[in-house]
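Novice: Sharing a structure below in structure tokens format, with a few things to ask.
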Amino acid sequence: MTPDQRRLERASARPAIVRYWRALKALRGTVTVLQTGAHPDDETSALLARFGLGDGARIAYACAVRGEGGQNSIGSERAAVLGVARTGEMLRAAEELDLALYWLNEDYDGAITDFGFSKSGEDTLARWGRDRLFERLVRVIRMVRPDIVLPTFLDVPGQHGHHRAVTIVTEEAFLAAGDPAVCPEHLAAGLEPWAPARFYLPAWSGAGTSYDDDEPPPPAHVTVEVGGYDAVHGATYAQLGQMSRGYHRTQAMGRWEEAGPRSVPLHCKHGLPEPHDHPFDGLPRTLAERAGGGLPGLAAADAAIDRALAAFPDGLAGAHALVEAIAALREARAGDAGGDAGAGHAALLAEKERQAASALLLAAGVVTRLDGPSAVTAGTTADFALGVFRGSEVGVALTGLRLDTPAGWQATWPSLPDAEIARGERREIGLAIAVAPDAPPIHPWRLSHDPLTETPPLAARLGLKLTVPNARPIEVEQVVRPEEPVWLRPAVELRLAETVMPLARGAAAAGIAVDLDLAAPPGTAVGAGPPPGWAAEPARLQGGEGAVTLRLTPAGMPGPGTVELAFRADDRPVGGGRLVAYDHIPAQLMVTPAVLRLGVVDTALPEGLRVAYAGGGGDHVGRRLAQLGLDVAELDDAAIAAGRYREHDSLLVGIMGFGNRPVLRQQAAAIRDWVEAGGTLVTLYHRPMDGWDPEVTPPRPLEVGVPSLRWRVTDPAAPVTVLDPAEPLLTAPNAIGLEDWQGWVKERGLYFAKRWDPAYRPVIEIADPGERPHRGALLVGDIGRGRHVHVALGLHTQVEALVPGAYRLLVNALTPRGDAARR
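Here our numbering is used: the first residue of the sequence shown is 74, the next is one more, and so on.
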């Protein structure tokens, strides 16, 4: 999709009349709801859509981690790179609901990180730091000042430990945030204590394909109808929630939901623990109620907002009413400055004035844009354009301009034109932004994304004077954000073709070629820092731009293990930018040091072995095995449909391959016949929803277990018991020993088989501490003259971590059963 196509798609999805309606509804409400969750996609989207778009509440979501330890249904990103993608998905999902976001983790290697699946809330808190999580949640409550706090999940056995940890500490923060003695450093930073009114828990089970709550949910005190229909959107709140969830594509979220009644039950643990009709019952829902009648002008502001809503979709009548609302709010803010009856309401009044100004600009047909390049390079100057369009009879004149810029950026622009913009005219202001050579990169993980209170690193603050017919002129400020984020590329940038590379020890003595791209000012020298015992040629790279091949050679036969090649310029690490981009999320630039991790693996490779790889887009296993020295052919859909795997000894199907490659499902019977004739099939882990029909997909029946919590081992160091030491899979061509199960990361595996045909035999037995052992993690089936190996172990993760045992085990699995299978 081109940038223009993306812009057109976004514009058609959010027409101005819908945005105006949303702005009016938000302006009317005064209740604030904060939901907390562990991951992007944990938010209860239908409920938040009802609260925000239906009831006019300000809604916010505090998310503990970026989802960097999760799965990926659409690509091969893992770890922090996946976290960047899921952050982008959460941003788009939040935009769909006008949801403010707050994040609890700090950086790619922050303490509150998604370390993978956990079965224990207390274990999660030990890793994250209970005090750290508590402080973050207290801080968010004091920033958002919610009336209602609502964790997404219950703290019950059978639930994800991350979910349980967030629920535990959210309740502690709810009870403590109003105490000035708690986290006193917040007061010094201007954050006042805040005690929310109510704490709700879900009154539904969180069990499903992933989790299996052992305890029933608490009783419901209130049921929220989310099947109500919003005529402006042409959808129910449940459908609007699914439109938001559809952005979580790496997690295969989003489903079509037909219009009809649907409700969400809630349990009120603190605040109103008895049946009631709506979670907002008894809470002040208007400005006048919120201030208790102590501020002059708020009743007039309420009345003016009601007139704007009643006049919808008449923008001119709405603009007239909104001018009066802004004037009344400013009168109330002036009265609040004395600190008497209205003390403590300054934040609410400022928020409502900003909301009213945004609604007024939409009603008046004022369109603003900030356009420029998607990325600029440190040490250069970039040109941007600020455009203002007047679309109605409401007069528009420019009164001022300020630019918010990141550190090291400096903007200049000509004087603003004095004349009023004519109706139908677009006025453009050119901006020149110079970026210092040492300006720091922009981190894609901002700690909060609240359009009401914060701006992105680059934004324009435009002063506008609006003259609505038969109303007093009024001046407002419009924050103009770039439609897509603007990123900074470093002045010296080095990008490696590969950041991970395995190498069989026997071939390591010959060295390897390292391909890279270097972009640097002329005269810049970049040093290649080889690991001890290795030499890099050339040792220094000269400034310029283009492709470079570097030769990395050991002094002798290297021992097994992992070494690193890094680069420096002016005694500083040289970084490379990785663009994380999909059509459904904003492009994000991740700048990290350029480091190649080289793993020397002591493994035997069968001579002449030919492997066909059919990846599902979720792993790099095929490429890594080719780097190791195997003859691997990656098959496209046409080659699979033509049965080209028959030309090879073995077929490796990557994770989720049958789900993401329909052609594989179509070939299931043909692949079975090929295996029976002597082929070797290796399937990496699949979920039941990944096109895995237990009776049809594998050569013999094999059922994947759900919920996944019951069919996984999360401890990467969990002991492995070999069931038969003579098992060929563990003996040839590599003798798999105890050391091959050591050094694993994240987890042992997931989605283990729960039932299989007698043709299969389990190879190992593993379990998390205190749980029953599993035998469905690694299965071998002798099928006719061939073999099927099903691997539910997380080998794709271990391969990227350069765990030697993962490579050795994969090589064994891909080695045919015997001479009869070799053609």
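Just so it is clear, CB atoms sit at the ideal spot from N, CA and C, and this is done for glycine as well.
These numbers come from a predicted model, not from an experiment.
Is the beta carbon of Arg-554 less than 8 Å from the beta carbon of Pro-517?
Specialist: Between Arg-554 and Pro-517, the C-beta gap is not smaller than 8 Å, which leaves the two residues out of contact.
Novice: Enumerate, from N- to C-terminal direction, the unbroken alpha helix (DSSP H) stretches of 4 or more residues contained entirely within the region 551 to 590.
Specialist: 578 to 581, all fully within the region 551 to 590.
Novice: Please state whether the Cβ-Cβ distance between Val-862 and Ala-826 is less than 8 Å.
Specialist: no
Novice: State yes or no: is the C-beta of Ser-723 within less than 8 Å of the C-beta of Thr-753?
Specialist: yes
Novice: Taking the beta carbon of Thr-454 as the centre, do at least 16 other beta carbons fall within 10 Å, making it buried, or is it exposed?
Specialist: exposed
Novice: Which of helix, strand or coil does DSSP assign to Asp-511?
Specialist: coil
Novice: So, does the CB of His-233 fall closer than 8 Å to a CB anywhere in chain B?
Specialist: Annotation note: the requested chain B is absent from the structure, which comprises a single protein chain.
Novice: Assuming Thr-160 is part of the beta strand (DSSP E), what are its boundary residues?
Specialist: Where Thr-160 is concerned, there is no enclosing beta strand (DSSP E), although the alpha helix (DSSP H) it sits in stretches over 152 to 170.
Novice: Between Asp-892 and the rest of its own chain, which residues show a CB-CB distance below 7 Å, the 5 nearest in sequence each way excluded?
Specialist: The pLDDT assigned to Asp-892 is 46, lower than 50, so where the model puts this residue is not dependable; a value taken from the coordinates is nonetheless given after this. Closer than 7 Å at Cβ, skipping near neighbours: no residue.
Novice: Hey, could you find the ends of the beta strand (DSSP E) Ser-723 is sitting in?
Specialist: 723 to 726
Novice: With DSSP collapsed to three states, give me the class of Gly-730.
Specialist: helix
Novice: List the endpoints of the continuous alpha helix (DSSP H) containing Tyr-880.
Specialist: 877 to 887
Novice: Do Ala-850 and Ala-865 have their C-beta atoms closer together than 8 Å?
Specialist: yes
Novice: With distances taken from CA atoms, which of Pro-792, Leu-883, Ala-423, Pro-801 is nearest Gly-843?
Specialist: Pro-792
Novice: Between the region 137 to 146 and the region 351 to 366, do at least 3 Cβ pairs fall closer than 8 Å?
Specialist: Fewer than three pairs of CB atoms, one per stretch, sit closer than 8 Å, so the region 137 to 146 makes no contact with the region 351 to 366.
Novice: Under 8 Å, do Gly-140 and Gln-661 count as touching if we go by C-beta distance?
Specialist: no
Novice: Distance, Cα to Cα, Arg-80 vs Met-163?
Specialist: 19 Å
Novice: Would you call the region 287 to 294 and the region 302 to 314 touching, i.e. three or more CB-CB distances under 8 Å?
Specialist: no
Novice: So, for Glu-796: in the same chain, excluding its five sequence neighbours on each side, which residues have a beta-carbon less than 7 Å away from its beta-carbon?
Specialist: Before going further, note that residue 796 is Leu rather than Glu in the sequence given. Around Leu-796: Pro-835, Val-836, Ile-837, Glu-838.
Novice: Starting from Gln-661, trace the beta strand (DSSP E) in both directions and tell me its first and last residue.
Specialist: 661 to 666
Novice: Among residues of its own chain, excluding the 5 on either side of Arg-911, which ones have a beta-carbon nearer than 6 Å to its beta-carbon?
Specialist: Any property of residue 911 remains undetermined from this structure, which presents the chain solely from 74 to 896.
Novice: Is there contact here, the region 711 to 726 with the region 745 to 763, by at least three beta-carbon pairs under 8 Å?
Specialist: yes
Novice: Measuring straight from C-alpha to C-alpha, what distance separates Thr-41 and Leu-803?
Specialist: An answer regarding residue 41 cannot be provided, because it is not within the stretch 74 to 896 covered by the chain.
Novice: If you run the structure through DSSP and keep just helix, strand and coil, what is Gln-232?
Specialist: Assignment of Gln-232 by DSSP, reduced to helix, strand and coil, places it in the coil class.
Novice: In terms of residue numbering, what span does the beta strand (DSSP E) encompassing Arg-131 cover?
Specialist: 131 to 136
Novice: Tell me the start and end of each unbroken beta strand (DSSP E) in the region 468 to 493 that is at least 3 residues and wholly inside, in chain order.
Specialist: 468 to 477, 482 to 485
Novice: Does the region 548 to 567 come close enough to the region 217 to 226 that 3 or more CB-CB pairs lie under 8 Å?
Specialist: No, the region 217 to 226 is not in contact with the region 548 to 567.
Novice: Under DSSP, the alpha helix (DSSP H) around Ser-146 begins and ends at which residues?
Specialist: That residue, Ser-146, is in no alpha helix (DSSP H); it is neither H nor E in DSSP.
Novice: Starting from the C-beta of Ala-879, find all residues in its chain whose C-beta is less than 6 Å away, skip the five residues before and the five after it, and write them out in chain order.
Specialist: Leu-868, Gln-871, Val-872
Novice: Please classify Met-74: is it buried, with 16 or more other beta-carbons within 10 angstroms of its beta-carbon, or exposed?
Specialist: Burial call: exposed.
Novice: Between which two residues does the beta strand (DSSP E) harbouring Pro-735 extend?
Specialist: First-last for Pro-735: 735 to 739, but that is the alpha helix (DSSP H), not the beta strand (DSSP E).
Novice: Using the Cβ count rule (16 or more neighbours within 10 Å means buried), how would you classify Arg-318?
Specialist: buried
Novice: Please identify the residue among Trp-607, Thr-622, Ala-601 whose C-alpha is closest to the C-alpha of Gly-643.
Specialist: Looking at the sequence provided, one finds Asp at residue 643 rather than Gly. When each option's Cα is compared against that of Asp-643, the closest is Ala-601.
Novice: Please identify the residue among Ala-564, Arg-858, Ala-509 whose C-alpha is closest to the C-alpha of Arg-890.
Specialist: Arg-858
Novice: In this structure, what does DSSP give as the bridge partners for Ser-336?
Specialist: Looking at the DSSP assignment, Ser-336 forms a beta bridge with Glu-298.
Novice: DSSP state of Ser-85, grouped into three classes?
Specialist: helix
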